[in-house]
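Numbering (my numbering), first residue to last: -17 to 292.
So this is what it looks like as structure tokens:
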């Protein structure tokens, strides 16, 4: 299977599979769209059968740079061009916003923009940096999504926890002008501070939730159980993954000074979810991992829910 990353740039970090451009400083939108290889447009063309009979109600989204077909969409679908997505982000976050990474996935069917917000938060003694992600599709495969993705700076673990009290994702369909929805999108930013404040409260609660080593292993075994009805290969694989997660809780340098509590457990699982390599590594597993960050990683969410229910 070919890598899903088509083009991209990244700030100070080697892009997936060596594809794309590494830059030392975060560029502005005009620079970012070129560095990411997103300076192309989507044209819509009518569909017809082989005998030239029109197919009403649908159009083809075609990239103008190479005439590749990105998807077949309904007449109601309105294209959000890549430059419009950057202009939207500029308008939303303010002129002068700097971009950490951006690129094209799945042959141009999906594009993404990740911007660093200027605020810094100290939560439970940790520096947490909020990022803002815009995901757009040109094949009607998903809505336009904007999401908050807080990252624990010391280890780059994504901690976009699924809080019941604060929204972390906003989305809209491709049926209206994206700039007309700017006020709706601003709701997400208005709630960004609330999200971080509520996250801070949740982390404080997790920090007060003491865990014994035995209890930690019980929780981790729920992720990777080893039972008699499993094959030897399944048992072996789950033990490998379980020991990896265990090492991240007990031995990770960035957690050494942290008490054995719920926050340490969530961080260990987040570290595993963000950085651990799967037993069977496909060529596009890093891209799939990135896509999960838009709405949160299910492993991290499960760990957080475990601690909330404890």
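Virtual Cβ for every residue (Gly too), placed ideally from N, Cα, C.
DSSP three-state assignment for residue 208, whether helix, strand or coil: By one-based count along the chain shown, residue 208 stands at place 226. Coil, per DSSP.
Closest to residue 106 by CA distance: which of 257, 53, 139, 246 is it? Numbered from 1 along the chain shown, position 124 holds the residue referred to as residue 106. Distances from the CA of residue 106 to each of 257, 53, 139, 246 were compared; the closest alpha carbon is that of 246.
Assuming residue 291 contacts residue 248 (C-beta within less than 8 Å), just tell me the rounded distance between them. Residue numbering aside, residue 291 sits at position 309 when the chain shown is read from its first letter. Residue numbering aside, residue 248 sits at position 266 when the chain shown is read from its first letter. 13 Å between Cβ atoms; not a contact.
Once DSSP output is grouped into helix, strand and coil, what is the label at residue 60? For the purposes of this step, residue 60 is taken as the residue at position 78 of the chain shown. Coil, per DSSP.
Does the beta-carbon of residue 110 have 16 or more other beta-carbons within 10 angstroms, so that it is buried, or is it exposed? Along the chain shown, one-based indexing puts residue 110 at 128. That one is buried.
Just verifying my parser: in three-state terms, what is the DSSP assignment at residue 93? Working through the chain shown from its first residue, we reach residue 93 at position 111. Correct three-state label for residue 93: strand.
In terms of residues, what are the limits of the beta strand (DSSP E) holding residue 36? Numbered from its first residue, the chain shown carries residue 36 at position 54. Its beta strand (DSSP E) spans residues 36 to 45.
Cβ-based burial, residue 56 [other Cβ within 10 Å; buried from 16]: The count along the chain shown starts at 1 and reaches residue 56 at position 74. Flag for residue 56 reads exposed.
Assuming residue 122 and residue 76 form a contact by the criterion Cβ under 8 Å, report the distance between their Cβ atoms to the nearest whole angstrom. For this step, residue 122 is matched to residue 140 along the chain shown. For this step, residue 76 is matched to residue 94 along the chain shown. Their Cβ separation, rounded to whole angstroms, is 31 Å, which puts residue 122 and residue 76 out of contact at 8 Å.
Taking 8 Å as the threshold (C-beta atoms), are residue 189 and residue 243 in contact? Translated into positions along the chain shown, residue 243 becomes position 261. Translated into positions along the chain shown, residue 189 becomes position 207. Yes; because the gap between Cβ atoms is below 8 Å, this pair is in contact.
Can you name the start and end residues of the alpha helix (DSSP H) that residue 11 belongs to? Position 29 of the chain shown, counted from the first residue, corresponds to residue 11. Residues 11 to 17.
Minimum C-alpha distance to residue 71 - residue among 59, 94, 50: Reading the chain shown from its first residue, position 89 is the one you call residue 71. For the residues 59, 94, 50, the minimum Cα distance to residue 71 belongs to 94.
Let's see if you can read the secondary structure: which residues bound the alpha helix (DSSP H) around residue -7? Residue -7 sits at position 11 when you count from the first residue of the chain shown. Premise fails: residue -7 lies in the beta strand (DSSP E), -13 to -7, not in any alpha helix (DSSP H).
Contact set for residue 137: own chain, Cβ-Cβ below 7 Å, skip 5 residues either direction: Taking the first residue of the chain shown as position 1, residue 137 is located at position 155. The residues are 236, 253.
Should residue 221 be labelled buried (16 or more other beta-carbon atoms within 10 Å of its own) or exposed? Position 239 of the chain shown, counted from the first residue, corresponds to residue 221. Classification for residue 221: exposed.
Between the alpha carbons of residue 135 and residue 12, how many angstroms are there, rounded? Reading the chain shown from its first residue, position 153 is the one you call residue 135. Reading the chain shown from its first residue, position 30 is the one you call residue 12. Whole-angstrom Cα-Cα distance: 27 Å.
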